[in-house]
Each structure stands twice: as C-alpha cells, then as structure tokens.
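Heads up: the structure comes next, in structure tokens.
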Amino acid sequence: MDKDPFPNFEKALAELESLVEKLESGDLALEQSLEDFKRGVELTKQCQQILDRAQQSVEQLLNPEDESTAEPFAADD
Numbered sequence: 000m001d002k003d004p005f006p007n008f009e010k011a012l013a014e015l016e017s018l019v020e021k022l023e024s025g026d027l028a029l030e031q032s033l034e035d036f037k038r039g040v041e042l043t044k045q046c047q048q049i050l051d052r053a054q055q056s057v058e059q060l061l062n063p064e065d066e067s068t069a070e071p072f073a074a075d076d
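In numbering that gives the first Met the number 0, the protein residues as written are 0 to 76.
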C-alpha cells in the first residue's frame with residue numbers, strides 16, 4: 000500500500016491511530032512491527048511540526064505587535 004509521505008494532519012493522525020491499533024494487537028511479525036513503528040515515529044514528528052506551525056500562527060494572530068514572533072524583512076543590498 001502506497002503511503003503519502005506528507006499527508007495532512009487529519010490523515011496522518013488517522014494513519015497513526017491505525018498503526019497503534021495494529022501494534023497493540025500483537026498479531027504482527029517482528030519486521031512488520033518495526034516498519035509500522037518507524038512509520039508511526041515519522042507521522043508523530045510530522046503531526047508535531049504541523050501543530051507547532053499552527054500554534055505559531057495563532058500566537059501571531061493574537062499578538063500581532065509582539066516582536067518576538069515576527070522577524071522584519073531584511074533586503075539584500
């Protein structure tokens with residue numbers, strides 16, 4: 000089954016939940032368990048990055064004057 004290497008958050012979370020269920024069942028061979036675990040780690044990192052970006056966006060919307068979240072544009076001379 001081909002997996003999208005960069006699914007959106009909802010798809011990544013659904014795939015992660017499915018992998019957890021399969022791993023918790025204990026019915027997988029060791030190699031398949033390792034592959035699924037590796038994919039789960041990748042999906043977890045991806046979901047965390049998406050959540051981090053969303054949190055930054057919310058913080059910028061709530062605090063538009065906060066200089067710590069926005070960097071000024073520096074033109075090359």
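All C-beta atoms in this analysis are idealised placements derived from N, C-alpha and C, irrespective of residue type, glycine included.
Residue closest to residue i, alpha-carbon to alpha-carbon, out of the options
i: F8; options: L22, A53, E64 and E23; result: A53
i: L15; options: Q31, L42 and L27; result: L42
Straight-line gap, residue i to residue j (C-alpha atoms, nearest Å)
i: F36; j: Q55; result: 29 Å
i: S24; j: L50; result: 28 Å
i: E20; j: G39; result: 11 Å
i: D76; j: N62; result: For D76, the predicted structure reports a pLDDT of 49, less than 50, and the residue's modelled location is therefore unreliable. A value from the coordinates is still provided. Answer to the nearest angstrom: the Cα atoms are 31 Å apart.
i: Q59; j: S32; result: 40 Å
i: L22; j: E64; result: 46 Å
Contact belief for residue i with residue j at Cβ below 8 Å, rounded distance in angstroms
i: Q47; j: A11; result: Rounded, the Cβ-Cβ distance is 10 Å, inconsistent with contact.
Exposure label - residue i; buried when at least 16 CB within 10 Å
i: L29; result: exposed
i: L18; result: buried
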